[in-house]
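Worksheet for the structure shown next.
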Amino acid sequence: SVEFDKTKFSASNRASFRAIPWPVLVYRSHLTSAEITWQAVEKFFRTVKDLLGITEHRRLLEEARKRYHPNRWAAK
Numbered sequence: 001s002v003e004f005d006k007t008k009f010s011a012s013n014r015a016s017f018r019a020i021p022w023p024v025l026v027y028r029s030h031l032t033s034a035e036i037t038w039q040a041v042e043k044f045f046r047t048v049k050d051l052l053g054i055t056e057h058r059r060l061l062e063e064a065r066k067r068y069h070p071n072r073w074a075a076k
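Numbering-wise, the sequence shown is residues 1 to 76 according to this note's numbering.
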């Protein structure tokens with residue numbers, strides 16, 4: 001989510017589990033950490049690939065790669 005990406009997190013403004021836009025097909029209100037698996041993430045990207053065109057799917061993959069890159073999380 002653009003809002004999540006723009007938010008400046010810090011020790012006093014930490015990212016909550018529910019605020020993170022996890023790439024899985026589960027409602028955030030029902031999501032648990034056990035549901036964030038490699039298989040669930042693959043299913044998400046396979047599903048959206050069918051819904052988006054190739055250009056949008058590639059854009060989404062690039063955004064996700066940047067969003068979840070370990071160096072970025074070290075700063076959050």
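Ideal Cβ placement from N, Cα and C applies to all residues, glycine included.
Under a 10 Å Cβ-count criterion, Pro-23 is classified as buried, with 16 or more other Cβ atoms of the shown protein chains found around its own Cβ. Put simply, the backbone Cα of Leu-52 is about 37 Å away from that of Ala-11. Between the alpha carbons of Lys-6 and Ala-34 lies a gap of roughly 27 Å.
When DSSP states are grouped into helix, strand and coil, Ile-36 belongs to the coil group.
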